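Notes to accompany the following structure.
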Amino acid sequence: MTPASAPIPSTTWAARLAPRRWLGPVVLLAPAGVWLLLLLVLPTLLILEISLVPGLRLGQPSGGYGLGNYLQILQPVYLRVIGRSLAFAVGSTLLCLVLGFPVAYWLALLSPRRWRNLLLVGFILPLWTSSLLRAYAWTTILRPSGVFNTMLTTLGLPAQNWLNTPTAVFIGLTYSFLPYMVLILYASLEKLDTRLLEAAADLGATPRQSFWKITVPQTLPGIAAASLLVFISTLSDFVVPTLLGGASSMNISRLIYNQFLGPTRAWGFGSALSMVLILAVSLAIALLLRYGDRNTVTEA
Amino acid sequence: MAQTVRAATAAAVTQTQPDVELRQVFKTFGADLAVRQLDLAVQPGEFFSILGPSGCGKTTTLRLIAGFETPTAGDVLIQGANVSAVPAHRRPVNTVFQSYALFDHMTVKDNIAFGLKIRHLAAAQVRDRVGDALRLVRLEPMANRYPAQLSGGQQQRVALARALVNRPAVMLLDEPLGALDQKLRKQMQVELTTLHRQLGITFIMVTHDQEEALALSDRIAVMNNGQIEQIGTPSDIYDRPHTPFVADFIGDTNLLPGRIDEAHPAQVRVTTESGLRVLARAGNMSSNQAVVVSVRPEKINLSLGAAGGNGNCYQGQVSHLMYLGTHLHCIVRLSSGESLTVRQPNRADTPIAVDTPVYVHWAADDCLALEAA
Amino acid sequence: MAGLAATNCRQNLSGPSAGGGGGDDGALHIYTWANYTDDGLADAFTERTGIPVVVDIFDSNEIMLTRMQAGGGDAYSILYPSDYMVSEMLELNLLTELDQSRITGLENLKAQWANPAYDPNNAHSIPFCWGTTGLLYNREVSPGEPIDWDFLWENQDALSRRITMLDDMRETLGATLKSLGYSYNSSNPAEIEAAYNRLLELQPHIAAFKTTGFENELLGGDLSVSMAYSSDAIALTLEDDRMEYIIPDSGASLWTDTLAIPATAPNVDAAYQWINFLLEPETASAAVERLYFATANQAAFERLPADIQNNQDLYPPEEVLAKSEGIVAVDADSTDLFDQFWTEVTSA
Amino acid sequence: MRPNSSAPQPDPTHPPIPLMPRLTWPSLFTALMYAFMYFPIIVLGVYSFNDSRYSASWDGFSLRWYRALFSDRRLLSALQDSLTIAVVAVAISAVLGTLMAIGLARYRFRGKALYRGVSYLPLIIPDIAIAVATLVFLVSMAVPLSLATIIAAHMVFCLAYIAVVVSSRLQRLDPNLEEAALDLGATPTQAMIQVLIPQLAPAIFAGCLLAFVLSMDDLLISSFTAGGGANPLPIEIFSRVRTGVKPDINALSVVLILGSALLAGLAEYVRYRSDRIRQST
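Heads up: the protein sequence lines correspond to chains A, B, C and D, in order.
Each residue of the first sequence is one higher than the one before, counting from 1 in our numbering.
Each residue of the second sequence is one higher than the one before, counting from 301 in our numbering.
Each residue of the third sequence is one higher than the one before, counting from 674 in our numbering.
Each residue of the fourth sequence is one higher than the one before, counting from 1022 in our numbering.
Structure representation (structure tokens):
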């Protein structure tokens, strides 16, 4: 009928008169956009710039650009701080996973349906309270004369002086971030198609086999997302290492804090550390986006 | 028959000003051409359907009329006024969405009243008209329920009432019955035609279900690939398709490509690619033209012996047979190699089985030679 | 855009705080050390003048300086910098020159603070109190009586994670310098590095660097020894018999904390009223009795009860004071070295 | 229509579970983890009634710390600061974040991926990095620190969290809803206010609650942007924990935990309500 290659006439008056098409996007997107630009993007660029001024200190004249601040990070003492932060993060993420998976599994698949929501809310309820106070609670428990040692000695076990050690930091971080782990794993396990487990059983798999061959692989994106979230949070946590770690648990967040609000005012060095932290976190996210399930990440 | 009556009404109103008119409308999304060079005129009071496979541009066409999309080029006219630049909320049309798009934070009553309240009608008037609309769709007992508490069919009726209550010049229905199960669909089809008759306003419906389109519409536009292939009454579309696509898309058909040997004013003789010689009805065609012969399964007769007359008759063998209750669905492999689908009434006098040697025959007037695409 | 902003930024970062005009809510905002004011003092002032008092607390001079430079100090009308910090802040033009005609009671100051080296003629600061930095310990749990700083190193295993040191660069590195026989104010890189290495040796045994907040743990026996300012220490020794404060044999730091008005201060009137209020002998002596800092105010001293006047922790004998030294601002290179070593030792 | 229809359907994979779950090892382990989660909170609660100042031993029941708490003007004013910050930041962010989510869902434009990426940044970048960047920015612009700067900084993460929650609801929303309103004669603004916003309300509420809790709990960003006498609760708590805690902090913990539980309960209730209305039959 009509020739397939009918030419499209140039834009009509109707399209041209379409009332102020730019107005909607501007009204909706500009306010938040300007805010993010002003208070997030610009500041981050400033940090990047400052990190390139070696030895910049608040209140002192500074020199030209260079990589001095980044080179300073390569000193063994600071590499140890970064290594310690990574160890805290990896260790407490694994602990959270090992402790959190059974809980999420029970909540999502085994708990009484009627109470399931309430039980979940009950588990993550501590998240609603001050993270500072929850970390502080552990100082009361872990101090040498505290509840923990009272319990140990009552049981006839030797007392432990764990406060102000990395052990206390591991306990505190695990405690603080376990609810996040459980929450995301729960969301992932809840979506698990239980018919797959039936199918596996039908095909002769034992419960153990179907757990490792079905449940775990099916929830792998959730596991990855939850672990990443906990990893990022613990890597950069400030409160727990400060309150529970004492003098032996300097991590990257505390180090950055000290550079800015501490005695030395080494803002250039602190900015470089901050950039390294942002880079590390972005790398972790990029890896997950590359190899993981996007949806789970965004949901998380 | 109802259909001829409707065709007559349609013909009678052709002279008046169309309710909806699209003139040379184009719509692009980025590099995709969704609708091209569309010309369309819908007469007042018509039940007009736009039919086509998914992605053919039919929903886009409806959205152009509703005002959710602006044409890239061309004009949209409603009741003679050019509304191309008029936003949706100022067009005198109302839409029933495939998903119903009911406001589930409002009760049924509030959903229906929405358009009236927006227009600041007096409270009493709103109450009366909402009441009328509820009665019309027989949902009075559900007035204070929330949409989520209704069944699919009831939600559908709320969507209808919400549009109707505004007394639009044109009702737009986007696959209105698409989300319903088969039985409910039939029932709602009846309700839709009843409503249309009662209200006398123009309905434009988009559907991919050809049976629905045939059953409900005064006229149908068949779309393919962003273009209209044919506009006509249901019997036009079914019995006199203009293109092989229309023939194939509407109902079942057997398509036999070939070339014209002899052309007469109303009839041609075609040799198909496999060498079959077929007599077919045709418009103005010339010798040696490439054509496709379309013959509907139900127009083909099966017999055990050869039939006489000046029709088409070929020998073959039943290769597949499906028993469908009201009729038999057979595939007959002709000796020339082609397979034809044949629909045979379920009667005792044609005892056929797979592998039975049979003759197929049909009248020349029952098949159509169409210009090859 | 970023480039422009950065240029502006660099100027602001290197110059003195541009600020000014922070929220003046009518209240007197004071930025001070923990335990230098309490509700009693603030309420008495409010009752007298009608001006509410809001107190914020810092842990070290350097942190206070950072806050002032980072723009968060705009709200404060009164600061309590220590001696050497007064000099440092003067150089950065962060303090207001005081209008001495608006101050009454200066004549009550002890003679040695009439014209201090850190701020000649008290032009920018009023000496408020003074004290020493020593070791506070719990007799019940300490493995012995600390005589000198060396005690910490000699008993590091027994004291492991039962020690806190001040979260104060000059004090803690200075005490280590002193333990090696050097000056608190050494500017010899080799000496500073030696002190750094010695502190590093002790670091794994230090529970935390804390200026305050060790009291409960010390009383509860969770800590054995804490490096502490005399003012904080004396409060605890008077509260509990098991607590002892000593000034190490090789010497301690002798500090003066002052009252100063920052250059960006809102509500300067209230600031002068506060200074005058604290210079009154009655107020000062009452505060000393409650908060146990050694006053620099002779008239106030005379009003104190005899047991406080004779408290040797509060007012050490001359020969002890003779061994002690005040912390003074050191040259920029040495400051850098202190900064660097302090960051490293707290990060290890 | 909705997967978590509350109709009690029997779970095909498991036999009907009695009200008391059987004592299997997962349930025992879970119980242990619940104990782990609540142990510190219970310890704080118990000590808040302890007469002793040093928290080490039980010296008898006392309400003195609660009395101390409620007469502690400084703590109460810190709480007031925190509430002011959270309420203002969340209120503004609710508007900006919702608009942003709608805008991102509705329009296609060049640089949209970048815009979206930036809007996710506050959820990803560690607090400390945001905090120092904001401080450097404010100092370099010579903006005096005050309550307003804390609010401005909190808005960054508040609006990001709200936008994310609202976006996920928008994705599940029928795209025709707004068109239906336009079709019925509503102007775009009316359609947004009368149809879209009510549809998004549960998500906006959930996002606000999340942002509120995060704002109330934020220590780092507040620490770096506080000035002008603004002293939100986390800063005050942090300062007290470092400078020596009196047990009135224990009492504060109990009060805050009860408050949060109440808020959490309210959130659950709202979620339950909106599910009820929208649940299919």
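A virtual CB, placed ideally from N, CA and C, is assigned to each residue, including glycine.
Nothing here was measured: the structure is a model prediction, and the numbers come from that model.
Inset, instruction - For chain A, find out if any of its Cβ atoms is closer than 8 Å to the Cβ of PRO1219 of chain D; answer yes or no. - result: Start at 1 with the first residue of the fourth sequence, and residue 1219 of chain D comes out as number 198. Chain A, which has no Cβ nearer than 8 Å to the Cβ of PRO1219 of chain D, makes this no.
Inset, instruction - Could you run through the segment 1184 to 1204 of chain D and flag, in chain order, every residue whose CB is less than 9 Å away from some CB of chain B? - result: ASP1195, PRO1196, ASN1197, LEU1198, GLU1199, GLU1200, ALA1201, ALA1202, LEU1203, ASP1204
Inset, instruction - Output, in sequence order along the chain, the residues in the segment 874 to 887 of chain C whose CB is closer than 8 Å to any CB in chain A. - result: GLN876, PRO877, ILE879, ALA880, ALA881, PHE882
Inset, instruction - For TYR810 of chain C, name the three-state secondary structure that DSSP assigns. - result: As a position in the third sequence, residue 810 of chain C is number 137, starting the count at 1. Strand.
Inset, instruction - Assuming TYR1182 of chain D and LEU1156 of chain D form a contact by the criterion Cβ under 8 Å, report the distance between their Cβ atoms to the nearest whole angstrom. - result: As a first step, residue 1182 of chain D is located in the fourth sequence; it is residue number 161 there, counting from the start. As a first step, residue 1156 of chain D is located in the fourth sequence; it is residue number 135 there, counting from the start. Actually they are not in contact, since the Cβ atoms of TYR1182 of chain D and LEU1156 of chain D sit about 21 Å apart, beyond 8 Å.
Legend entry - Helix, strand or coil at GLN1101 of chain D according to DSSP, with G and I counted as helix: Residue numbering aside, residue 1101 of chain D sits at position 80 when the fourth sequence is read from its first letter. Helix at GLN1101 of chain D.
Legend entry - Neighbourhood of TYR105 of chain A by C-beta distance below 7 Å, restricted to the same chain and skipping five residues each side: For this step, residue 105 of chain A is matched to residue 105 along the first sequence. Only LEU189 meet the Cβ criterion.
Inset, instruction - Give a yes or no on whether the minimum CB-CB distance between ALA1174 of chain D and chain A is below 8 Å. - result: For the purposes of this step, residue 1174 of chain D is taken as residue 153 along the fourth sequence, with counting starting at 1. With 8 Å as the cut-off, ALA1174 of chain D counts as an interface residue toward chain A.
Inset, instruction - Note down, in chain order, every chain D residue with its Cβ under 7 Å from the Cβ of PHE503 of chain B. - result: Your numbering for residue 503 of chain B matches position 203 in the second sequence. Result: empty, since nearest Cβ-Cβ is about 15 Å, beyond 7 Å.
Inset, instruction - Sort A:GLU198, A:TRP138, A:THR194, A:LEU118 by Cα distance to VAL169 of chain A and report the nearest one. - result: Locating residue 169 of chain A in the first sequence gives position 169, counting from the first residue. It is A:TRP138.
Inset, instruction - Assign HIS661 of chain B to one of three DSSP states: helix, strand, or coil. - result: What you label residue 661 of chain B is simply residue 361 of the second sequence in a count that begins at 1. Reduced to three states, the DSSP call for HIS661 of chain B is strand.
Inset, instruction - Taking 8 Å as the threshold, find out whether the segment 828 to 836 of chain C comes into contact with the segment 860 to 870 of chain C through three or more Cβ pairs. - result: no
Legend entry - Closest Cα partner of ILE989 of chain C within the set C:ILE907, C:SER1020, C:ALA784: Taking the first residue of the third sequence as 1, we reach residue 989 of chain C at position 316. For the sequence presented, residue 989 of chain C should be read as Pro rather than Ile. When only C-alpha atoms are compared, the closest one is C:ILE907.
Legend entry - Buried versus exposed, by CB contacts within 10 Å (16 or more), MET250 of chain A: Position 250 of the first sequence holds residue 250 of chain A. Classification for MET250 of chain A: buried.
Legend entry - TRP622 of chain C at chain A interface by Cβ criterion, 8 Å: A query on residue 622 of chain C cannot be resolved here, the shown segment of chain C reaching from 674 to 1021 and no further.
Legend entry - PRO935 of chain C burial status per 10 Å Cβ neighbour count (16 or more: buried): Position 262 of the third sequence, counted from the start, is the residue given in the question as residue 935 of chain C. Buried: at least 16 other Cβ atoms inside 10 Å.
Legend entry - Bridge partner(s) assigned by DSSP for THR502 of chain B: Along the second sequence, read from residue 1 onward, the residue named residue 502 of chain B stands at position 202. Answer is B:VAL470, bridged to THR502 of chain B.
Inset, instruction - Report buried or exposed for GLY558 of chain B, applying the criterion of at least 16 other Cβ atoms within 10 angstroms of its Cβ. - result: As a position in the second sequence, residue 558 of chain B is number 258, starting the count at 1. Buried, since its Cβ has 16 or more Cβ neighbours within 10 Å.
Inset, instruction - List the residues of chain D whose Cβ lies closer than 7 Å to the Cβ of HIS797 of chain C, in chain order. - result: What you label residue 797 of chain C is simply residue 124 of the third sequence in a count that begins at 1. Here the premise fails: no neighbours, minimum Cβ distance about 23 Å.
Inset, instruction - Determine the DSSP secondary structure at GLY695 of chain C, reduced to helix, strand or coil. - result: Position 22 of the third sequence, counting from 1, holds the residue named residue 695 of chain C. With a pLDDT of only 47 at GLY695 of chain C, under 50, the local geometry of the prediction cannot be trusted, and no value is derived from it.
Legend entry - Chain-ordered neighbours of TRP1015 of chain C on chain A, where CB pairs are closer than 8 Å: Indexing the third sequence from 1 puts residue 1015 of chain C at position 342. Neighbours of TRP1015 of chain C on chain A, chain order: PRO263, THR264.
Inset, instruction - Can you give me the start and stop residues for the beta strand (DSSP E) that SER349 of chain B sits inside? - result: Sequence index remark: in the second sequence, residue 349 of chain B carries index 49 (1-based). Run containing SER349 of chain B: 347 to 351, per the beta strand (DSSP E) assignment.
Inset, instruction - Establish whether the CB of ASP1032 of chain D and some CB of chain C are separated by less than 8 Å. - result: Here residue 1032 of chain D corresponds to residue number 11 of the fourth sequence, with the count starting at 1. Here ASP1032 of chain D scores only 47 on pLDDT, less than 50, and its place in the model should not be relied on; the value that follows carries that caveat. Not one chain C Cβ lies under 8 Å of ASP1032 of chain D.
Inset, instruction - Please classify SER210 of chain A: is it buried, with 16 or more other beta-carbons within 10 angstroms of its beta-carbon, or exposed? - result: In the first sequence, the residue the question calls residue 210 of chain A occupies position 210. SER210 of chain A is buried by the Cβ-count criterion.
Inset, instruction - Report yes if the C-beta distance between TRP267 of chain A and LEU56 of chain A is below 8 Å; otherwise report no. - result: Locating residue 267 of chain A in the first sequence gives position 267, where the first residue counts as 1. Locating residue 56 of chain A in the first sequence gives position 56, where the first residue counts as 1. Cβ distance < 8 Å, so TRP267 of chain A and LEU56 of chain A count as in contact.
Legend entry - Own chain partners of THR806 of chain C with C-beta closer than 6 Å, once the 5 adjacent residues on each side are dropped: Taking the first residue of the third sequence as 1, we reach residue 806 of chain C at position 133. Closer than 6 Å at the Cβ level, and outside the excluded window around THR806 of chain C, lie GLU844, TYR902, ALA925, SER926.
Legend entry - Boundaries of the beta strand (DSSP E) in which LYS327 of chain B is found, first to last residue: What you label residue 327 of chain B is simply residue 27 of the second sequence in a count that begins at 1. Its beta strand (DSSP E) spans residues 320 to 329.
Inset, instruction - Inspect the CB distances between the segment 1108 to 1120 of chain D and the segment 1223 to 1240 of chain D and report whether three or more fall short of 8 Å. - result: yes
Inset, instruction - Identify the contact partners of LEU1049 of chain D in chain C, using a Cβ-Cβ distance below 9 Å as the criterion. - result: As a first step, residue 1049 of chain D is located in the fourth sequence; it is residue number 28 there, counting from the start. Under the 9 Å cutoff, chain C gives no residues; its nearest Cβ is about 34 Å from LEU1049 of chain D.
Legend entry - Beta-carbon spacing of ILE724 of chain C, ALA700 of chain C below 8 Å: Walking along the third sequence from the start, residue 724 of chain C turns up at place 51. Walking along the third sequence from the start, residue 700 of chain C turns up at place 27. Going by C-beta atoms, ILE724 of chain C is nearer than 8 Å to ALA700 of chain C.
Legend entry - Beta-bridge pairing of MET523 of chain B - partner residues as DSSP gives them: The residue given as residue 523 of chain B occupies position 223 in the second sequence. Its beta-bridge partners are B:ILE528.
Legend entry - 6 Å CB neighbourhood of ILE730 of chain C in its chain, flanking five on each side removed: Taking the first residue of the third sequence as position 1, residue 730 of chain C is located at position 57. Here the set comprises ALA707.
Inset, instruction - Tell me, please, whether the CB atom of THR129 of chain A is closer than 8 Å to any CB atom in chain D? - result: Along the first sequence, one-based indexing puts residue 129 of chain A at 129. THR129 of chain A counts as touching chain D.
Legend entry - Three-state secondary structure assigned by DSSP to VAL570 of chain B: Counting from 1 along the second sequence, the entry for residue 570 of chain B is found at position 270. Of the three classes helix, strand and coil, the one that applies to VAL570 of chain B here is strand, per DSSP.
Legend entry - Local Cβ density within 10 Å of ALA1272 of chain D, reported as buried at 16 or more and exposed below that: As a first step, residue 1272 of chain D must be located in the fourth sequence, where it is residue number 251. Buried, because 16 or more other Cβ atoms sit within 10 Å of the Cβ of ALA1272 of chain D.
Inset, instruction - Would you verify that the beta carbon of ASP729 of chain C is, or is not, closer than 8 Å to some beta carbon of chain D? - result: In the third sequence, the residue the question calls residue 729 of chain C occupies position 56. At least one chain D Cβ lies under 8 Å of ASP729 of chain C.
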